[in-house]
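Chemist: Handing you this structure, nothing more for now.
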Amino acid sequence: MSSSTWEAVIGIECHVELKTASKMFCGCPNEFGGEPNTKVCPVCLALPGSLPVPNAMAIEHMLRAGLAFDATIPPLSKFDRKNYFYPDMPKNYQISQFDMPLTQGGVVRYWLEDGTRGECRLTRIHLEEDTGKSTHASADGRLAGATSSLIDFNRAGVPLMECVGEPDIRSADEAVAFLETLARTFRELGVSDVKMEEGSLRCDANVSIRKRGAAEYGTKAEIKNMNSFRSVRRAIASEIARQIEVVESGGRVIQETRGWDEAAGVTHSQRSKEEAHDYRYFPDPDLVPIDVTEETVARVRATLGETPYERYVRYVDTFGLDSKRATQLVDDAPLAAFFDRAVTASGGKAQAVVAFVLGDLARLANESGTPLAAGKVTPEALAELAELTSSNAINSKAAKQVVETLWNEGGSAKALVEREGLAQVSDRGAVAAIVDEVLAANPNVVADYKAGKTNVMGFLTGAVMKASRGKANPTLAQELLKEKLSGGS
Amino acid sequence: MPTDRIDIRHVARLARLALTDDEIATFAPQLGSLMTHVDALAQLETENVPATAQVVPSRNVQRADTVRPETILAREAALSNAPQVQGPYFRVPRIIAEEG
Amino acid sequence: MDPFTDSAGAIARAVNARSTSAVEVAEALIPRAERVDAQLGAYLQRTPELMREHARRVDARVASGESLPLAGVPVAIKDNMCLTGTRTTAGSKILEGFVAPYTATAVQRLLDAGALPVGKTNLDEFAMGSSGENSALGLTRNPYDLDRVPGGSSAGSAAAVGGFEATLSLGSDTGGSIREPAAFCNVVGFKPTYGRVSRYGLIAFASSLDQIGPFARSVADAALVYDVIAGKDPLDATSVDRDVEPAAGFLREDLRGVRVGIVKEFALDALDAASRAVYEAAYADLERLGAELVDVTLPTAEYGLATYYLIAPAECSSNLARFDGVRYGLRADGADVGEMYERTRAAGFGPEVKRRILIGTYALSSGYYDAYYLKAQKARTRIAEDFARAFERCDAIVSPAASSPAFRFNAKSDPVTMYLMDYYTIPGSLAGLPSLSVPCGAALPEDGTRPMPMGLQMTTPLFTERALLGYAHAYERATLHAEKLTPVTAVIESSTSLRAPSGNRA
Numbered sequence: 009m010s011s012s013t014w015e016a017v018i019g020i021e022c023h024v025e026l027k028t029a030s031k032m033f034c035g036c037p038n039e040f041g042g043e044p045n046t047k048v049c050p051v052c053l054a055l056p057g058s059l060p061v062p063n064a065m066a067i068e069h070m071l072r073a074g075l076a077f078d079a080t081i082p083p084l085s086k087f088d089r090k091n092y093f094y095p096d097m098p099k100n101y102q103i104s105q106f107d108m109p110l111t112q113g114g115v116v117r118y119w120l121e122d123g124t125r126g127e128c129r130l131t132r133i134h135l136e137e138d139t140g141k142s143t144h145a146s147a148d149g150r151l152a153g154a155t156s157s158l159i160d161f162n163r164a165g166v167p168l169m170e171c172v173g174e175p176d177i178r179s180a181d182e183a184v185a186f187l188e189t190l191a192r193t194f195r196e197l198g199v200s201d202v203k204m205e206e207g208s209l210r211c212d213a214n215v216s217i218r219k220r221g222a223a224e225y226g227t228k229a230e231i232k233n234m235n236s237f238r239s240v241r242r243a244i245a246s247e248i249a250r251q252i253e254v255v256e257s258g259g260r261v262i263q264e265t266r267g268w269d270e271a272a273g274v275t276h277s278q279r280s281k282e283e284a285h286d287y288r289y290f291p292d293p294d295l296v297p298i299d300v301t302e303e304t305v306a307r308v309r310a311t312l313g314e315t316p317y318e319r320y321v322r323y324v325d326t327f328g329l330d331s332k333r334a335t336q337l338v339d340d341a342p343l344a345a346f347f348d349r350a351v352t353a354s355g356g357k358a359q360a361v362v363a364f365v366l367g368d369l370a371r372l373a374n375e376s377g378t379p380l381a382a383g384k385v386t387p388e389a390l391a392e393l394a395e396l397t398s399s400n401a402i403n404s405k406a407a408k409q410v411v412e413t414l415w416n417e418g419g420s421a422k423a424l425v426e427r428e429g430l431a432q433v434s435d436r437g438a439v440a441a442i443v444d445e446v447l448a449a450n451p452n453v454v455a456d457y458k459a460g461k462t463n464v465m466g467f468l469t470g471a472v473m474k475a476s477r478g479k480a481n482p483t484l485a486q487e488l489l490k491e492k493l494s495g496g497s
Numbered sequence: 017m018p019t020d021r022i023d024i025r026h027v028a029r030l031a032r033l034a035l036t037d038d039e040i041a042t043f044a045p046q047l048g049s050l051m052t053h054v055d056a057l058a059q060l061e062t063e064n065v066p067a068t069a070q071v072v073p074s075r076n077v078q079r080a081d082t083v084r085p086e087t088i089l090a091r092e093a094a095l096s097n098a099p100q101v102q103g104p105y106f107r108v109p110r111i112i113a114e115e116g
Numbered sequence: 087m088d089p090f091t092d093s094a095g096a097i098a099r100a101v102n103a104r105s106t107s108a109v110e111v112a113e114a115l116i117p118r119a120e121r122v123d124a125q126l127g128a129y130l131q132r133t134p135e136l137m138r139e140h141a142r143r144v145d146a147r148v149a150s151g152e153s154l155p156l157a158g159v160p161v162a163i164k165d166n167m168c169l170t171g172t173r174t175t176a177g178s179k180i181l182e183g184f185v186a187p188y189t190a191t192a193v194q195r196l197l198d199a200g201a202l203p204v205g206k207t208n209l210d211e212f213a214m215g216s217s218g219e220n221s222a223l224g225l226t227r228n229p230y231d232l233d234r235v236p237g238g239s240s241a242g243s244a245a246a247v248g249g250f251e252a253t254l255s256l257g258s259d260t261g262g263s264i265r266e267p268a269a270f271c272n273v274v275g276f277k278p279t280y281g282r283v284s285r286y287g288l289i290a291f292a293s294s295l296d297q298i299g300p301f302a303r304s305v306a307d308a309a310l311v312y313d314v315i316a317g318k319d320p321l322d323a324t325s326v327d328r329d330v331e332p333a334a335g336f337l338r339e340d341l342r343g344v345r346v347g348i349v350k351e352f353a354l355d356a357l358d359a360a361s362r363a364v365y366e367a368a369y370a371d372l373e374r375l376g377a378e379l380v381d382v383t384l385p386t387a388e389y390g391l392a393t394y395y396l397i398a399p400a401e402c403s404s405n406l407a408r409f410d411g412v413r414y415g416l417r418a419d420g421a422d423v424g425e426m427y428e429r430t431r432a433a434g435f436g437p438e439v440k441r442r443i444l445i446g447t448y449a450l451s452s453g454y455y456d457a458y459y460l461k462a463q464k465a466r467t468r469i470a471e472d473f474a475r476a477f478e479r480c481d482a483i484v485s486p487a488a489s490s491p492a493f494r495f496n497a498k499s500d501p502v503t504m505y506l507m508d509y510y511t512i513p514g515s516l517a518g519l520p521s522l523s524v525p526c527g528a529a530l531p532e533d534g535t536r537p538m539p540m541g542l543q544m545t546t547p548l549f550t551e552r553a554l555l556g557y558a559h560a561y562e563r564a565t566l567h568a569e570k571l572t573p574v575t576a577v578i579e580s581s582t583s584l585r586a587p588s589g590n591r592a
């Protein structure tokens, strides 16, 4: 959404459940689903006398996540208690991080569908624990109108990363692109499954508007309850429009929390954010500080591979792929790895390789339910095929046949072409001879062409292909046909 | 550091304690008296003194990321002390605010 | 072998040698505890069946060749420690019906070492108090004068051992809750260095101060318990990963060459005449044993109370937030969850607990955190520094454990007056130092007719438990003060269960 008068300012905050075997502070399993209240222990149920002990893998995941976004890792970090009462929070405080988080700063680089690139700075990423889940006994399961609530503590204590972005984002599309990059990166790093539908990625957006060119921020509203990337896009766009309308009709934007209503396509006011919570943060006396040495940072940094953004840029800038196809590859890590191996083996024929990977091979993979990387086609075979097509050694029809066979049987593309005699005939003389035969056999069509019906070229080309049993180089055939028909011999 | 009159009602609200007027009347002077002792701390020089983070300095106490089945409570045990349950859930009266 | 008066060491030796059985010990203790407790009220709950079960297991293990450090020794456990299957109440209505589904690490170690659980003892509610009077569930009396308090917060644990209802007990100490009742009840009470004993399963009051420790009728017995319960626990991130030097069997018998610090700020002229005399004699005894008395100063000790009564309530206000009627304990219904919280906590917590939650919440609240909580944590650093400086000049610091012997019930109805009972014990707690109280005589209270026991507090540097217990052991062996007094409950009992004055204490 663009407006010449107004500029939207958006800050995204998201919570990401970390992928660990056990919970953040106890030995209960960290798994989605399961019978209610079967993954609980004295610690995550906050029984009297229980104590938390931090999960080393969660801390490691956090460091990797931060370093992947060029965050700073301060040498000392600690846990703090965030005190407030809520029934799905067993201790009535959450163990979180206040003024000494594990990572600070950083930048998330993202790309939009149309290929525009942008970046958004991170304020910080910190580590905390998740709450349990409450379901509300009311007609529609919503909070309003409920008579009681039912609590399941399976999720209580799951490790959570809270990522806070600076208000650098200026549109709903950018917000989604930002989130998608976060999600891709976390998934690639293996630190989270990032599935919004399972709640392993949850986000809120702080949205405000201001006159273009203004230095100060407008009043912001916090938007919650966006359960998919689509919702995020729609909700933010809707909120921007709402705020513009409010201000343009003489009103003021109120600082408040607004919940997104997916069905109605609007946000509703939930409570006035004016009632700021006094969380009474203080360092958790049950836990000791975390020293992160330079050695640790170096070790963790060395485990990071190419980030999805870096891969996307490489595909577009180095291989010349268009944004859409580059994105498709980046979104499928095994596929991208396959693609990279094939390109390398083919000596850099990225365009040819991607045409197959996202074309015929994608179709075959889809139809069979087997991913390409798990199928019989090897990156080396694909590389050979790419070399064959880009050198015109075989034509597209033959290529299709090779692809099918490789998919079903595996093997070498070159060997297959030789075995089946699929090599394209590109010899001028040989093709010319066939062209002459076809022209001779179709005098009426020739006459039609010479009379101006140039669309019969398709028929003639087809006839040449048929006469050559599909082996003629169709481009050459057409070229020769044109030559001969226009008077050359 | 002045002796503020503690806004007992506000503090009680933060702590989710319903106090009777009698209790507030009783507590106010008692808490005030304690705060008088506490005010003496203002005289102690602490300008460049670090706060005690940990009485016994430890760092990096963590646990390996393994599930410990022996600590998991059977659901019956988990619910056994609950004042109210509904099926496999803990049941509470309705929640009014998003954060109680 | 006398199961009521023998030392833990003697009972364990007898059971391991199979000259008596754990079951016999249990069967002797069970009716005894019931009779005596009718007067003392030390126990909120006695656990005879559990005791018998453990006794049987101990006998089986001993029969199979095992030798257990505390085989068959009857132990009472403060009711703020979880023990599977037992009601664990913290002395509060809010946990009156709570049955623990797990066992505290320290308790488990004790039971694994062969100890027999006599029951769960009374305490000031959530360990907040210095007399035992803040319990919402029972009244415990001092075994030396039933009209006087046993001290707190480990009221029942001190009284049970002082009144010969158990050989040993576990208590917890945050600002003096082991040392002060030990002094009042004529027993040894020992608080190890912070982090030496796991807090897992101890219902938290102030997390950075709480420590579990033993009550016993001799320092040697206290050392036995310490050796069993101390040591790193992976379930408690604040428990230190440091080898435990065994103390039992390594206790010194004299104080030659030991520099004992007498603290200027704890000068005895603040005490009444009778109490002062007891401590002057105690200091003289230390010298007689070879110690060199050295003057030391803890200039910031006077800020101990203010510091403690900001930090402890702040931490407890957060630790007690979990008592909300949702998952366990008392629930007072409400139209909505918020109302339920407020009514439950109003009905479930006693006045002292409420006061501390209020102060603690206030000290952490927006706008006040820097002036109160943060300031107190800085003051704490200064207090710890003072001790470190003092320990450059001495090996141990001694002082009274309390400013007077046990007072009458309701004598200190003003909360702040009660807080002052912790004056001597708080600074050591703030610094995390190992500290104990050992009986050092008796004084006639101004309003009393019977001499009441008093305790000498000894404090040493971090992680020097063996040395500390050694100093106390040497003093105890040379003075044998505890044996000069007889508990009132012994009069109630038949005389055959009385121990002889110089008795088999070894």
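Chains as they are written, first to last, in our numbering: chain A, 9 to 497; chain B, 17 to 116; chain C, 87 to 592. Beta carbons: idealized from backbone N, C-alpha and C, even for Gly.
In the DSSP assignment, the beta strand (DSSP E) including T253 (chain C) goes from what residue to what residue?
Modeler: No beta strand (DSSP E) holds T253 (chain C); DSSP gives it neither H nor E.
Chemist: Look at the Cβ atom of F237 (chain A), then the Cβ atom of V184 (chain A), and state whether they are nearer than 8 Å.
Modeler: Their beta carbons are under 8 Å apart, which means F237 (chain A) touches V184 (chain A) by this criterion.
Chemist: For R147 (chain C), I'd like the list of residues in its chain whose CB is within less than 7 Å of its CB, leaving aside the five on either flank, ordered along the chain.
Modeler: Around R147 (chain C): L154.
Chemist: What residues of chain A sit near S96 (chain B), judged by a beta carbon separation below 7 Å?
Modeler: Going along chain A, no residue has its Cβ under 7 Å from S96 (chain B), so there is no contact; the nearest lies around 11 Å.
Chemist: Is any beta-carbon of chain B found at less than 8 Å from that of S277 (chain A)?
Modeler: False, the Cβ-Cβ gap to chain B never drops below 8 Å.
Chemist: Give, in chain order, every residue of the stretch 67–93 of chain B whose Cβ lies closer than 7 Å to some Cβ of chain A.
Modeler: Listed by position, the residues of the stretch 67–93 of chain B near chain A (Cβ gap below 7 Å) are A69, Q70, S74, R75, N76, V77, Q78, R79, A80, D81, T82, V83, R84, T87, I88, L89, R91.
Chemist: Relative to chain C, which residues along the stretch 49–80 of chain A have a C-beta separation below 9 Å, given in chain order?
Modeler: Under the 9 Å Cβ criterion, the stretch 49–80 of chain A contributes C49, P50, V51, L53, A54, L55, P56, G57, S58, L59, P60, V61, P62.
Chemist: So is Y389 (chain C) buried or exposed if we call it buried at 16+ other beta carbons inside 10 Å?
Modeler: Classification of Y389 (chain C): buried, given that the 10 Å Cβ count is 16 or more.
Chemist: Would F40 (chain A) be called buried (16 or more neighbouring beta carbons within 10 Å of its own) or exposed?
Modeler: Exposed.
Chemist: Buried or exposed: which applies to P56 (chain A), given that a residue is buried once 16 or more other Cβ atoms fall within 10 Å of its Cβ?
Modeler: The residue in question, P56 (chain A), is buried, as its Cβ has 16 or more Cβ neighbours within 10 Å.
Chemist: Please confirm if E282 (chain A) has its CB atom under 8 Å from at least one CB of chain B.
Modeler: With a pLDDT of 47 at E282 (chain A), under the threshold of 50, the predicted position of this residue should be treated as unreliable, though the coordinate-derived value follows. Closer than 8 Å: no.
Chemist: What residues in its chain sit with their C-beta under 6 Å from that of A377 (chain C), if we drop five residues either side in the sequence?
Modeler: Only L341, V344, V346 meet the Cβ criterion.
Chemist: Less than 8 Å separating the beta-carbons of I103 (chain A) and E136 (chain A)?
Modeler: Against a cut-off of 8 Å, the Cβ pair of E136 (chain A) and I103 (chain A) comes out as a contact.
Chemist: If we count the other Cβ atoms within 10 Å of its Cβ and call it buried at 16 or more, is Y414 (chain C) buried or exposed?
Modeler: Buried, because 16 or more other Cβ atoms sit within 10 Å of the Cβ of Y414 (chain C).
Chemist: Within the 8 Å Cβ cut-off, does L30 (chain B) reach chain A?
Modeler: Closer than 8 Å: yes.
Chemist: Would a check of beta-carbon distances place R110 (chain B) closer than 8 Å to chain C?
Modeler: Yes, because at least one Cβ of chain C sits closer than 8 Å to the Cβ of R110 (chain B).
Chemist: Among A:E303, A:N91, A:A229, A:K141, which has the Cα closest to the Cα of I20 (chain A)?
Modeler: The residue with the shortest Cα to Cα distance from I20 (chain A) is A:A229.
Chemist: Helix, strand or coil, according to DSSP, for V570 (chain C) in the structure here?
Modeler: Here residue 570 (chain C) is Lys; the residue named in the question, Val, does not match the sequence. Correct three-state label for K570 (chain C): helix.
Chemist: Residue range of the alpha helix (DSSP H) that N403 (chain A) falls in?
Modeler: Counting along the chain, N403 (chain A) falls outside any alpha helix (DSSP H), and DSSP gives it neither H nor E.
Chemist: Helix or strand or just coil, what does DSSP make of R413 (chain C)?
Modeler: In the structure shown, R413 (chain C) sits in coil (DSSP, three-state: anything other than H, G, I, E or B).
Chemist: Let me know the secondary structure DSSP gives E282 (chain A) once reduced to three states.
Modeler: Bear in mind that the predicted position of E282 (chain A) carries a pLDDT of just 47, short of 50, making it too unreliable to give a figure here.
Chemist: Could you tell me whether any Cβ in chain B is nearer than 8 Å to the Cβ of Y557 (chain C)?
Modeler: By this cut-off, Y557 (chain C) is not an interface position.
Chemist: For A29 (chain A), which residues in chain B fall below 7 Å Cβ to Cβ?
Modeler: Correct list: D81, T82, V83.
Chemist: Based on DSSP bridge pairs, tell me the residues matched to Q102 (chain A).
Modeler: Partner(s): A:K90.
Chemist: Could you give the distance in angstroms between the alpha-carbon of E170 (chain A) and the alpha-carbon of Q105 (chain A)?
Modeler: The straight-line gap from Cα to Cα measures roughly 10 Å.
Chemist: Does any CB atom of chain A fall closer than 8 Å to the CB of A190 (chain C)?
Modeler: Closer than 8 Å: yes.
Chemist: With T265 (chain A) as the anchor, note down where its beta strand (DSSP E) starts and where it stops.
Modeler: T265 (chain A) -> beta strand (DSSP E) spans 264–269.
Chemist: A244 (chain C) and G275 (chain C) look like a contact to me (Cβ under 8 Å); what is the Cβ gap, rounded to whole Å?
Modeler: Confirmed, Cβ separation roughly 7 Å.
Chemist: Just confirm the distance between the C-beta atoms of Y188 (chain C) and P60 (chain A), as a whole number of angstroms; I'd bet it's less than 8 Å.
Modeler: Incorrect: roughly 15 Å between the Cβ atoms, too far for contact.
Chemist: Please specify which runs of the beta strand (DSSP E), each continuous and at least 3 residues long, are wholly inside the stretch 283–334 of chain A, giving them in chain order.
Modeler: Runs found: none.
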